[in-house]
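The structure under discussion appears below in the form of structure tokens.
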Amino acid sequence: MEKSLNDDMFSVITENYGLLTQTIADAAGEAGRTPSDIRLMAVTKTVPPLYINHALSLGIELIGENKVQELLAKKDFLRGSYEAHLIGHLQTNKVRKIRTEVAMIQSVDSVRLAAEIDRLAAIDGGVTDILLEVNIGQEMGKTGFSPDEIEEKALEIAAFSGMRIRGLMAVPPVCETEKEIRGWFCAVRRLYETLRGQPPLGGMDVLSMGMSSDYREAILEGATLVRVGSALFGKRRY
Ligand SMILES: *Cc1c(COP(=O)(O)O)cnc(C)c1O
């Protein structure tokens, strides 16, 4: 039978998924960790629901979107059970639209944003799971708390009753070598451990780091959640 273009995309995604789960298992083994302690997130930005549904049918249970509008537009077309997280910058005026539509907001990057989540949560009695985004490389023009301020801000946010700080999310600077990227992931991990040592932050259990090009290194340095887009769905077409 002739293969259609769609069939090819489906088989590419199936094959990529097999490679990803194998690499995750190998990296976990290398680090002396249990593979089931590492969650694979399919980053679905620009990916049509048809292919996201295929990924869900393979056993993916977690998806991530950067944009509020895109997430909401796709939601009605997705089948089966899955958890959606927001991983892109969130403007305070869009919190209302997204807060109850996702299982987690990974991209909390200011006290102001956290305060708005808290304000809305107080109205319906909800509790939102969040991650604090850390700009580990202190890069200009990149969102996230800087490593020197994050402890103070995390303690401020921990006082809000409308959310639970579940951990940290990071996108380290682009690196040339494996050693360099592992250094950044290691720095995020150390920050995570330090924060977790503070009693109000003791509930943190998620370390979200590692993307298509470096999820293996992130797992070696302790990631509990890797966010993979192009290594699953292929190169993005905007
Ligand atoms: C796009 C994106 C990813 C996935 O990127 P890939 O390189 O395609 O795996 C992960 N995290 C965030 C925050 C992103 O915006």
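Numbers in the numbering used here are just positions in the sequence shown, counted from 1, shifted up by 747. Glycine is no exception: its CB is placed at the ideal position from the N, C-alpha and C atoms. The model shown is predicted, which means the values in this text are computed figures rather than measured ones.
Notebook entry, point to check: What residues come near ligand 1, if near means a beta carbon less than 7 Å from any of its heavy atoms?
Noted result: Answer in sequence order: Val790, Lys792, Gly811, Asn813, Ile834, Gly835, Val918, Met958, Ser959, Ser960, Arg974, Val975, Gly976, Ser977, Ala978 and Arg983.
Note to self: In whole angstroms, give me the CA-to-CA distance for Arg937 and Glu830.
What the structure shows: Against the sequence shown, residue 937 aligns to sequence position 190. Against the sequence shown, residue 830 aligns to sequence position 83. If you take the alpha carbons of Arg937 and Glu830, they lie about 28 Å apart.
Next item on the list: Just the C-alpha distance for Ile883 and Thr770, rounded to the nearest angstrom, thanks.
Entry: For the purposes of this step, residue 883 is taken as the residue at position 136 of the sequence shown. For the purposes of this step, residue 770 is taken as the residue at position 23 of the sequence shown. One C-alpha to the other measures close to 25 Å.
Next item on the list: Please report the residue range of the beta strand (DSSP E) in which His832 lies.
Entry: What you label residue 832 is simply residue 85 of the sequence shown in a count that begins at 1. Run containing His832: Glu830 to Leu833, per the beta strand (DSSP E) assignment.
Next item on the list: Quick one: grab the DSSP three-state call for Ala778.
Entry: Here residue 778 corresponds to residue number 31 of the sequence shown, with the count starting at 1. Correct three-state label for Ala778: coil.
Margin query: Since Leu825 and Pro796 should fall inside the 8 Å C-beta cutoff, what is the C-beta to C-beta distance between them, to a whole number of angstroms?
Written below: For the purposes of this step, residue 825 is identified with residue 78 of the sequence shown, where counting begins at 1. For the purposes of this step, residue 796 is identified with residue 49 of the sequence shown, where counting begins at 1. The distance from the Cβ of Leu825 to that of Pro796 is about 6 Å, consistent with a contact at the 8 Å cut-off.
Margin query: Classify Glu964: buried if its beta carbon has 16 or more other beta carbons within 10 angstroms, exposed otherwise.
Written below: Within the sequence shown, residue 964 is the residue found at index 217, counting from 1. Buried, since its Cβ has 16 or more Cβ neighbours within 10 Å.
Check: Taking C-beta to C-beta, are Val849 and Glu863 nearer than 8 Å?
Finding: If you number the sequence shown from 1, residue 849 lands on position 102. If you number the sequence shown from 1, residue 863 lands on position 116. In this structure, Glu863 does not lie closer than 8 Å to Val849 by Cβ.
Check: From Ala934, Gly944, Gly835 and Tyr939, pick the residue whose C-alpha is nearest to that of Thr890; which is it?
Finding: Position 143 of the sequence shown holds residue 890. Distances from the CA of Thr890 to each of Ala934, Gly944, Gly835 and Tyr939 were compared; the closest alpha carbon is that of Gly835.
Next item on the list: Measure the C-alpha to C-alpha separation of Ile845 and Ile966 and round it to an integer number of angstroms.
Entry: Here residue 845 refers to the residue found at position 98 when the sequence shown is read from its first residue. Here residue 966 refers to the residue found at position 219 when the sequence shown is read from its first residue. Straight across, the Cα-Cα distance linking Ile845 with Ile966 is about 29 Å.
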